[in-house]
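A short worksheet on the structure shown next.
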Amino acid sequence: MPNTESTEAQDVLVDKCLAGTVSLGVPILDVYGALPGVAGGVIATVLGVAATIRGVKSVRDSWRLLTIDSVPLREAVATDGLVRVHGTVRPPRPDDTLVSPIREEECVAYEYNIYHQVQGTGDPSIDAGIEYSPFIISDGTAEIYVNPSEESLSLKHETETVIGEELLEQVDEARLDLEPSADTDSGLFEDPTELVEGTLRVGETVSVVGNASTAPESGAGGADGVMTPVDGNLIVANDEPESAALRTGARGLFLLVLGLGFDVIGISALMANTDSFVEMLQLAGTI
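Each residue of the sequence shown is one higher than the one before, counting from 1 in the working numbering.
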């Protein structure tokens, strides 16, 4: 004979589960409806904080370029703390050089941007890139091996405007990673095109702000010391200190404004969805 009591108990359990699911369904839908606002707020806040941090660093670097006195390389190696030095650039080995894609200059670092002048809100960028390698600077008193990062480079840029086939005369198309849409037969290059490039050439004089260490790295080419971007304390600029400081400071202020704007948007979105976010956490604890 079937166990009716056991069957009835199972039916009651199923009914309770169904009732619980239905009772939770409405708040779950309400909370999930607020997820886009919460996620957008978190993303905007994270982007804002990142931009603000980089902005603060750029403003700080600008101040250092203006206020730190320049010393000979020999003295820099023996100094504990931040120093500013000047020296002539050379690669650690003769073949450790780069060739810039626009002016085809032998260098140890370059940054370029190719964009066309467009009307409206279209993306003007055709191609852009940056590449760098370690180098050595010397001033007759000593040599220092510099291992830069992308964030530490502050290169002076030169801009040239070309039209039509002048672009292919100025730039070797095979050297550039052009987007497929940037086909020369599409008529895109009929518009004026801006060629922007900054290089750190072999034999050029450069200013470097950072901490000099006497412990040479592997492959330092027999240099007396090294400068690396430890704790972000490295600035490499091939312009006059005042011009480099102005350029770096302007970039920092732009990032600060941009970062604060994202922070305001993100925090506002989070505050507008605070109740739903709290409910979501509470609901997760009850499931």
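Think of the CB as a built atom: it goes at the ideal place given N, C-alpha and C, for glycine as much as any other residue. Remember, predicted model here, so these are calculated numbers, not experimental data.
- Looking at C-alpha atoms only, which residue of Tyr-112, Gly-203, Arg-84 and Leu-270 is the closest neighbour of Ser-62? Taking the sequence shown and counting its residues from 1, the one referred to as residue 62 is at position 62. For Ser-62, the nearest C-alpha among the options comes from Arg-84.
- Query: Should the region 44 to 61 be called in touch with the region 261 to 273, which here means at least 3 C-beta pairs below 8 Å?
  - Reply: In short, these stretches touch, since the Cβ pair count reaches three.
- How far does the beta strand (DSSP E) with Ala-128 in it reach, from first residue to last? Start at 1 with the first residue of the sequence shown, and residue 128 comes out as number 128. Here the beta strand (DSSP E) through Ala-128 covers 125 to 132.
- Query: At which residues does the alpha helix (DSSP H) containing Glu-75 begin and terminate?
  - Reply: Taking the first residue of the sequence shown as 1, we reach residue 75 at position 75. Per DSSP, Glu-75 is one residue of the alpha helix (DSSP H) stretching across 73 to 77.
- Item | Rounded straight-line distance, which links the Cα of Leu-200 to that of Thr-161 | The count along the sequence shown starts at 1 and reaches residue 161 at position 161. The count along the sequence shown starts at 1 and reaches residue 200 at position 200. Going by the C-alpha atoms only, they are around 21 Å apart.
- Message: What does the alpha-carbon distance come out to for the pair His-86 and Ser-149?
- Response: For the purposes of this step, residue 86 is identified with residue 86 of the sequence shown, where counting begins at 1. For the purposes of this step, residue 149 is identified with residue 149 of the sequence shown, where counting begins at 1. Their Cα atoms are separated by approximately 18 Å.
- Message: Contact defined as beta carbons within less than 8 Å: I believe Asn-147 pairs with Val-226. What is the distance between those atoms, to the nearest angstrom?
- Response: For the purposes of this step, residue 147 is identified with residue 147 of the sequence shown, where counting begins at 1. For the purposes of this step, residue 226 is identified with residue 226 of the sequence shown, where counting begins at 1. Cβ-Cβ separation between Asn-147 and Val-226: approximately 7 Å, consistent with a contact (criterion under 8 Å).
- Where Leu-29 falls: helix, strand or coil (DSSP): As a position in the sequence shown, residue 29 is number 29, starting the count at 1. Low local confidence applies: a pLDDT of 42 at Leu-29 is under 50, so the model's placement there is unreliable, and no value is given.
- Query: Since Ser-58 contacts Leu-255 with CB under 8 Å, what's their CB separation in whole angstroms?
  - Reply: The sequence position of residue 58 within the sequence shown is 58, counting from 1. The sequence position of residue 255 within the sequence shown is 255, counting from 1. Yes, they are in contact, since the Cβ atoms of Ser-58 and Leu-255 sit about 6 Å apart, within 8 Å.
- Query: If you run the structure through DSSP and keep just helix, strand and coil, what is Ile-102?
  - Reply: Numbered from 1 along the sequence shown, position 102 holds the residue referred to as residue 102. DSSP places Ile-102 in coil when its eight states are reduced to three.
- Task: Could you name the residues that DSSP lists as bridge partners for Arg-60?
- Result: Mapped onto the sequence shown, residue 60 falls at position 60. For Arg-60, which the question treats as bridged, DSSP gives no partner whatsoever.
- Looking at the unbroken beta strand (DSSP E) that takes in Val-171, where does it start and where does it end? The residue you call residue 171 lines up with position 171 of the sequence shown. No beta strand (DSSP E) holds Val-171; DSSP gives it neither H nor E.
- Name the residue from Ala-142, Asp-69, Gly-198 and Gly-210 whose alpha carbon lies nearest to the alpha carbon of Val-99. As a working mapping, residue 99 is identified with position 99 in the sequence shown. Between Val-99 and the set Ala-142, Asp-69, Gly-198 and Gly-210, the nearest pair of CA atoms involves Gly-198.
- Out of curiosity, what's the CA-to-CA distance linking Ser-138 and Asn-238? Taking the first residue of the sequence shown as 1, we reach residue 138 at position 138. Taking the first residue of the sequence shown as 1, we reach residue 238 at position 238. One C-alpha to the other measures close to 14 Å.
- For Arg-103, which option in Val-257, Thr-205, Val-209 and Leu-195 has the closest C-alpha, if you only look at C-alpha atoms? The count along the sequence shown starts at 1 and reaches residue 103 at position 103. Minimum Cα-Cα distance from Arg-103 among the listed residues Val-257, Thr-205, Val-209 and Leu-195 corresponds to Leu-195.
- Query: Quick one, are the C-beta atoms of Pro-72 and Ile-136 less than 8 Å apart?
  - Reply: Residue numbering aside, residue 72 sits at position 72 when the sequence shown is read from its first letter. Residue numbering aside, residue 136 sits at position 136 when the sequence shown is read from its first letter. In terms of Cβ geometry, Pro-72 and Ile-136 do not form a close pair [threshold 8 Å].
- Task: Assign Ile-235 to one of three DSSP states: helix, strand, or coil.
- Result: Taking the first residue of the sequence shown as 1, we reach residue 235 at position 235. When secondary structure is reduced to three states using DSSP, Ile-235 falls in the strand class.
- How long is the line joining the alpha carbons of Arg-90 and Glu-143, rounded to whole angstroms? To locate residue 90, count along the sequence shown from 1; it is residue 90. To locate residue 143, count along the sequence shown from 1; it is residue 143. Their backbone Cα atoms lie some 10 Å apart in a straight line.
- Query: How about Ile-43 and Val-209: do their beta carbons lie closer than 8 Å?
  - Reply: By 1-based counting over the sequence shown, the position of residue 43 is 43. By 1-based counting over the sequence shown, the position of residue 209 is 209. No, the Cβ-Cβ distance between Ile-43 and Val-209 is not below 8 Å.
- Distance between beta carbons of Pro-101 and Val-171, contact taken as under 8 Å: Looking up residue 171 in the sequence shown gives position 171. Looking up residue 101 in the sequence shown gives position 101. Rounded, the Cβ-Cβ distance is 6 Å, consistent with contact.
- Could you tell me whether the Cβ atoms of Glu-131 and Tyr-115 are closer together than 8 Å? Taking the sequence shown and counting its residues from 1, the one referred to as residue 131 is at position 131. Taking the sequence shown and counting its residues from 1, the one referred to as residue 115 is at position 115. Cβ atoms of Glu-131 and Tyr-115: not closer than 8 Å.
- Query: DSSP puts Val-226 in a beta bridge; with which residues?
  - Reply: The sequence position of residue 226 within the sequence shown is 226, counting from 1. Tyr-145 and Ser-213, per the DSSP bridge assignment.
- Task: Quick one: using the 10 Å Cβ neighbour count with 16 as the cut-off for buried, is Pro-289 buried or exposed?
- Result: Lying outside 1 to 287, the shown extent of the chain, residue 289 is not represented and no answer is given.
- Query: Quick one, are the C-beta atoms of Ile-235 and Ser-154 less than 8 Å apart?
  - Reply: Within the sequence shown, residue 235 is the residue found at index 235, counting from 1. Within the sequence shown, residue 154 is the residue found at index 154, counting from 1. Yes, the Cβ-Cβ distance between Ile-235 and Ser-154 is below 8 Å.
- Which term fits Asp-80, buried or exposed, when burial requires 16 or more other beta carbons within 10 angstroms of its beta carbon? The residue labelled residue 80 in the question sits at position 80 within the sequence shown. That one is exposed.
- Candidates Glu-169, Ile-163 and Gly-55: closest to Pro-192 by CA position: Mapped onto the sequence shown, residue 192 falls at position 192. The residue with the shortest Cα to Cα distance from Pro-192 is Ile-163.
- Item | Given Ser-207 as reference, the closest of Ala-269, Val-46, Ser-213 and Ala-76 once Cα atoms are compared | Your numbering for residue 207 matches position 207 in the sequence shown. Selection Ala-269, Val-46, Ser-213 and Ala-76 evaluated against Ser-207 yields Ala-76 as nearest (Cα-Cα).
- Query: Under three-state DSSP, which class holds Gly-252?
  - Reply: Position 252 of the sequence shown, counted from the first residue, corresponds to residue 252. Correct three-state label for Gly-252: helix.
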